[in-house]
Amino acid sequence: MTLPAPIGATETIRVRAGFELHFELTAPTPMMFIVEPLERPGQRILAARKRIVPQLPLLETTSYQDMMGNVVWRMLAPAGRLEVSHDLLVEVSANPDPVLPNLPKARVEDLPSEVLHYLLPSRYVDSDLLSGEAWQMFGHIQGGWAQVQAVCDHLQATLQYGAGSTSATTARESYQSGYAVCRDFAHAGVAFCRALNLPARYVCGYLADIDVPPDFRPMDFHAWFEVWLDGAWRTFDARHNFPRTGRILIATGRDAADTAFNTAFGSTNLAHMKVWADLTEISELPLLADGYPRSPTQEGMRLSEERGRIGQIFRR
């Protein structure tokens with residue numbers, strides 16, 4: 001008897017992701033947004049819809065790629081109400097984050113020059129202040145992956161998920177407070193890795209609730225980090241510390257300052273924010289008149305629960 005392949009064995013899945021932001025501006029304000037995912041290995045953009053209200057003249061809106069390779073939308077927003085939204089259909093791997101426990105740790109002198117700046121402290125990653133503690137706790141561990149995993153295990157056991165930081169909080173400050181949101185977990189992971197001479201970078205993007213119980217709290221952009229091991233950037237997520245499926249990478253940088261979803265050069269009020277990322281079976285985006293989805297959507301919840309049930313059967 002031939003059993004059907006579990007859903008988790010499918011090569012790719014589709015995720016509908018996006019956001020809706022409403023701002024109130026008292027004066028014309030230059031603004032930048034880093035919110036557009038690029039195609040990359042394991043991430044294919046099937047459809048995308050960008051919407052700005054009011055519609056701006058072509059001379060007042062443009063996009064470019066920054067020094068990290070991230071897409072940046074640049075605009076001069078008029079006074080009053082500004083609505084910016086992005087709706088995406090993205091094809092990603094159906095498999096969870098790879099786990100490669102035997103990857104070695106490279107000597108600093110053997111690292112490629114282009115990753116060396118990811119060993120240095122940055123605005124929110126004060127790795128130099130955690131160096132002594134990092135080597136005391138993790139310096140004896142052999143192997144690159146093993147060292148990073150030990151960092152993630154420690155942060156998961158030490159930090160309680162919860163708001164305790166501000167936009168100015170550094171990695172060391174959040175670590176010492178004992179409280180962290182995903183941004184803080186990522187900063188702390190990057191900081192400890194850099195202190196251990198492991199090139200590490202901050203990542204922001206979308207993460208759907210796939211193969212996990214749905215989280216009914218309002219969704220937000222997610223942050224994780226990557227470490228340069230054995231010639232490639234490898235995914236780690238100290239917030240969840242568990243291989244996840246359905247990541248959509250938007251941007252990478254030294255820390256959150258390089259990947260902020262919005263930077264405004266003036267006074268602004270973010271009056272409304274909605275983010276979604278859900279497993280889907282649709283092959284094209286619905287008409288705009290249908291509106292943007294709630295998060296999580298009923299379809300996403302149903303498909304996630306179905307994947308979870310089948311995955312449990314075939315993982316036994």
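Each residue of the sequence shown is one higher than the one before, counting from 1 in full-length UniProt numbering. The beta carbon of each residue, even a glycine, is placed where N, CA and C say it ideally should be. Quantities reported herein were computed from a predicted structural model and do not represent experimental measurements.
- The alpha-carbon of residue 272 is positioned some 5 Å away from that of residue 22.
- For residue 265 and residue 63, the gap between their C-alpha atoms comes out near 17 Å.
- Assigned with DSSP and collapsed to three states, residue 172 falls in helix.
- DSSP, read as helix, strand or coil, puts residue 20 in strand.
- For residue 146 and residue 131, the gap between their C-alpha atoms comes out near 18 Å.
- Between the alpha carbons of residue 72 and residue 34 lies a gap of roughly 5 Å.
- Across the set 217, 216, 207 and 270, the C-alpha of 207 shows the shortest separation from the C-alpha of residue 96.
- Residue 226 is classed as buried because its beta carbon has at least 16 other beta carbons within 10 Å across all chains shown.
- In the structure shown, residue 118 adopts helical secondary structure according to DSSP, grouped into three states.
- Under the DSSP assignment, residue 75 falls in the beta strand (DSSP E) whose first and last residues are 71-77.
- Beta-bridge partners assigned by DSSP to residue 89: 16 and 47.
- The beta carbons of residue 17 and residue 257 sit no closer together than 9 Å.
- In the three-state DSSP reduction, residue 226 falls in the strand class (E or B).
- Closest in C-alpha terms to residue 201, from the list 160, 162 and 252, comes 252.
- In the structure shown, residue 63 falls within a strand segment according to DSSP collapsed to helix, strand and coil.
- Bridge partners of residue 272 according to DSSP: 22.
- Per DSSP, residue 284 lies in no beta strand (DSSP E) segment and is marked neither H nor E.
- Cα atoms of residue 138 and residue 198: separation of roughly 12 Å, rounded to the nearest angstrom.
- Under the 10 Å beta carbon count, residue 269 is surrounded by fewer than 16 other beta carbons and is classified as exposed.
- Around the beta carbon of residue 282, fewer than 16 other beta carbons sit within 10 angstroms, so the residue counts as exposed.
- Residue 83 and residue 233 have their alpha carbons spaced roughly 35 Å apart.
- If the five residues before and after residue 115 are omitted, its C-beta is found closer than 8 Å to the C-beta atoms of 199 and 228, all from its own chain and listed in chain order.
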